[in-house]
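Data block below; observations after.
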């Protein structure tokens with residue numbers, strides 16, 4: 001190169017080698033920067049000019065970008081705004097090549113007397129594709145709501161629009177030449193997120209994400225960031241970034257989510273409250289009606305009582321369906337993993353469903369020989385799906401048969417896929433209706449004259465439950481040409497003790513019931529005749545019933561009397577219940593006496609039985625008496641005589657208030673309670689508080705939660721609060737017999753674990769019920785989302 005031409009050039013010129021060290025500088029350039037030639041030649045350009053304060057960071061960034069781009073593209077690049085010291089101008093960068101190898105750079109600097117506005121800043125390599133540079137400037141200036149800026153290939157800022165300045169609060173002179181990482185949090189920097197995003201953009205061509213970004217003052221904003229790799233002549237020269245401030249939108253989304261959560265919470269509480277308010281009187285009505293059916297009625301009276309029973313059960317099922325659907329629709333339904341005996345569940349359903357079949361319909365059960373005895377899954381939900389399909393089959397089949405069959409269709413090292421079929425010879429399903437079979441609230445006959453009633457939710461609920469258990473549910477016409485064939489699959493986990501059933505079982509219900517062959521547990525009295533077993537021990541047991549609803553209290557006493565219990569005390573709230581339990585503990589056992597929670601202005605409304613009749617909630621409003629919490633407590637026995645009185649005609653025994661003693665402690669021997677039936681929602685002190693007070697002094701009396709509460713996890717909450725077991729209102733009498741037997745009949749807690757037909761599960765006072773959970777009735781505690 002002819003350096004004499006460079007020296008004499010009137011255009012300030014400087015020559016840099018490939019490492020950006022100064023090889024030559026023209027006299028015109030040296031005169032402007034006032035640096036001797038001997039100090040320039042051989043020095044690193046950026047170090048020399050930065051040390052002398054002649055090159056700002058933003059200008060250095062632009063020049064580096066131009067040099068890198070010129071080297072990569074082998075084309076001339078321009079820096080349209082360049083300041084060296086107090087001099088402003090434009091710089092042209094020309095790469096000098098020999099056989100495609102960079103020899104040096106020639107930089108020509110054109111000084112301007114009027115400084116260039118920074119918002120007119122642009123780069124040659126990035127602006128060539130536009131029709132005019134002015135169009136590019138107008139675009140940048142017009143968009144003030146978006147931060148639009150360019151990075152060089154290493155991630156350093158080289159342009160900065162007005163929107164970027166407003167959004168990120170950096171002035172151009174502050175940010176040009178800075179690395180893009182200044183916008184990220186410390187955590188992002190530790191994860192090397194800025195460089196990872198640059199690498200991903202270069203690899204994919206475009207990336208978009210959202211996250212927190214930081215302004216100059218340290219405040220953060222939620223940003224949507226789009227970044228594109230920028231190329232010139234096929235060579236990567238940098239990145240274009242567009243950032244939008246979405247903080248307000250993010251805040252709005254947060255408010256919407258909070259509002260949705262609050263709405264869901266209110267809905268759950270409303271449904272739970274409505275369930276409680278409906279099921280509480282339903283319990284009294286259905287229980288009283290069941291007792292009525294046990295009396296000597298005329299034929300017409302029995303027909304009317306049966307209508308009440310059937311209508312009440314339909315109403316309970318409708319409530320259950322609506323709550324199940326609400327929970328499933330909200331995505332808040334959970335599956336519980338427990339031991340499952342598929343064969344027993346199917347047999348139990350067959351037995352219990354016989355009454356719903358028409359007289360000319362036979363019921364068959366087919367259990368495959370490869371069906372395992374015990375698997376892990378959700379027994380309650382499996383039963384619910386099967387029961388729904390059986391109910392439909394019974395509803396739509398007037399004659400012929402209903403067949404239930406189960407088999408293993410796939411087996412892996414740790415699980416089974418079990419298929420269950422329900423096949424009937426009923427009316428079948430129209431082809432036009434099949435596509436809507438599993439749609440909520442859809443029924444086959446939706447006219448005002450429809451024959452078959454229901455909510456239209458059963459199949460929709462079954463589909464959702466099946467999918468939650470890892471399976472599918474499908475329909476196909478019965479191969480015989482008449483009727484329907486529903487089938488579903490579920491995934492069940494293996495357990496080490498699983499063994500196949502012995503041989504294929506095809507059961508004709510009518511024949512088996514006549515032969516008394518359907519049994520799945522040892523032929524003990526507790527299993528075969530749970531009510532008789534309970535009656536054997538009932539007369540020796542003392543019970544406490546804590547229930548604030550007077551109607552339900554009266555009905556429950558009658559139910560317990562029908563079970564053979566004669567020694568029953570009652571409490572109208574938790575405070576009275578704790579006092580009665582405390583009074584029943586022998587005074588010599590000081591560690592067992594539990595204090596009553598300190599309640600200001602404590603007053604007791606005792607029930608004073610003055611005759612053999614039941615208390616009338618309308619006329620027997622008890623007087624209010626105030627007692628000191630330290631006053632002595634002397635219980636009076638409420639046991640009736642042990643003669644064979646008729647429980648249907650004799651009024652049940654109730655308690656004399658222990659706070660109004662009518663006899664001394666020596667008159668009646670103290671007998672601790674054998675079991676407490678505890679309502680949850682009671683005035684002054686609820687069931688949880690009463691249980692806590694009882695358990696606080698190590699009193700191990702079994703406490704049975706008996707409530708119409710329907711919040712999700714209600715059963716678990718009762719167990720966690722120290723209760724021993726749980727039943728929901730309205731309860732089936734058979735279920736109440738099973739639960740009472742579990743805690744009162746000797747040996748019942750160890751027999752037939754998990755069986756619906758008799759006692760089940762091992763007893764654990766003040767904790768949980770061990771073993772299978774299939775004995776549960778369909779409680780609303782499992783139906784409501786939180």
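In the UniProt record's numbering, the protein residues as written are 1 to 786. For each residue, glycine too, the CB sits at the ideal point set by N, CA and C. Quick caveat, the model's predicted, so the values are computed rather than measured.
Please look up how many angstroms separate the CB atoms of residue i and residue j, rounded, as I've assumed it's under 8 angstroms.
i: residue 320; j: residue 308; result: Their Cβ separation, rounded to whole angstroms, is 19 angstroms, which puts residue 320 and residue 308 out of contact at 8 angstroms.
i: residue 466; j: residue 424; result: 19 angstroms between Cβ atoms; not a contact.
i: residue 183; j: residue 214; result: 6 angstroms
i: residue 695; j: residue 722; result: 4 angstroms
i: residue 358; j: residue 310; result: Not quite, the Cβ-Cβ distance comes to about 15 angstroms (not below 8 angstroms), so this is no contact.
i: residue 7; j: residue 27; result: 6 angstroms
i: residue 492; j: residue 242; result: Actually they do not touch by this definition, with Cβ atoms about 52 angstroms apart.
Based on the DSSP output, what are the partners of residue i in its beta bridges?
i: residue 72; result: Paired residues: none, contrary to the question.
i: residue 95; result: 105
i: residue 584; result: Answer by DSSP bridge pairing: none, since residue 584 is not bridged.
i: residue 416; result: 411 and 492
i: residue 223; result: 211 and 245
i: residue 13; result: 108
i: residue 477; result: 484
i: residue 179; result: 156
i: residue 439; result: Answer is none; residue 439 lacks a bridge partner.
i: residue 77; result: 93
i: residue 340; result: 375
i: residue 240; result: 150 and 228
Are there 16 or more other CB atoms within 10 angstroms of the CB of residue i, so buried, or fewer, so exposed?
i: residue 691; result: buried
i: residue 299; result: exposed
i: residue 347; result: buried
i: residue 260; result: exposed
i: residue 10; result: exposed
i: residue 476; result: exposed
i: residue 369; result: exposed
i: residue 702; result: buried
i: residue 258; result: exposed
i: residue 68; result: buried
i: residue 334; result: exposed
i: residue 430; result: exposed
i: residue 306; result: exposed
i: residue 266; result: exposed
i: residue 262; result: exposed
i: residue 126; result: Note that residue 126 scores 45 on pLDDT, short of 50, meaning its location in the model is unreliable; the coordinates nonetheless yield the value given after this. Under this definition residue 126 is a buried residue.
i: residue 472; result: exposed
i: residue 573; result: buried
i: residue 770; result: Per-residue confidence for residue 770 stands at a pLDDT of 40, beneath the threshold of 50, marking its modelled position as unreliable; no derived number is given.
i: residue 715; result: buried
Could one say the Cβ of residue i lies closer than 8 angstroms to chain B's Cβ atoms, at least one of them?
i: residue 552; result: Absent from the structure is chain B; it holds one protein chain and no more.
Which value, in whole angstroms, describes the spacing of the CA atoms of residue i and residue j?
i: residue 20; j: residue 42; result: 10 angstroms
i: residue 297; j: residue 697; result: 49 angstroms
i: residue 725; j: residue 287; result: 20 angstroms
i: residue 374; j: residue 344; result: 10 angstroms
i: residue 534; j: residue 746; result: 10 angstroms
i: residue 302; j: residue 293; result: 7 angstroms
i: residue 90; j: residue 105; result: 16 angstroms
i: residue 744; j: residue 363; result: 36 angstroms
i: residue 689; j: residue 382; result: 35 angstroms
i: residue 411; j: residue 417; result: 6 angstroms
i: residue 591; j: residue 422; result: Caution applies to residue 591, whose pLDDT of 44 falls short of 50 and renders its modelled position unreliable; the value that the coordinates give is listed next. Between residue 591 and residue 422, the C-alpha separation is close to 58 angstroms.
i: residue 673; j: residue 537; result: 14 angstroms
i: residue 737; j: residue 252; result: 54 angstroms
i: residue 47; j: residue 193; result: 29 angstroms
i: residue 378; j: residue 426; result: 30 angstroms
i: residue 76; j: residue 232; result: 12 angstroms
Comparing C-alpha positions only, which one of the options sits nearest to residue i?
i: residue 545; options: 559, 220 and 339; result: 559
i: residue 353; options: 389, 429, 471 and 245; result: 389
i: residue 87; options: 110, 62 and 103; result: 110
i: residue 62; options: 155, 326 and 477; result: 155
i: residue 197; options: 686, 217, 226 and 175; result: 226
i: residue 489; options: 174, 23, 385 and 569; result: 385
i: residue 543; options: 468, 76 and 676; result: 676
i: residue 282; options: 738, 735 and 707; result: 707
i: residue 152; options: 218, 210, 206 and 65; result: 65
i: residue 565; options: 200, 146 and 557; result: 557
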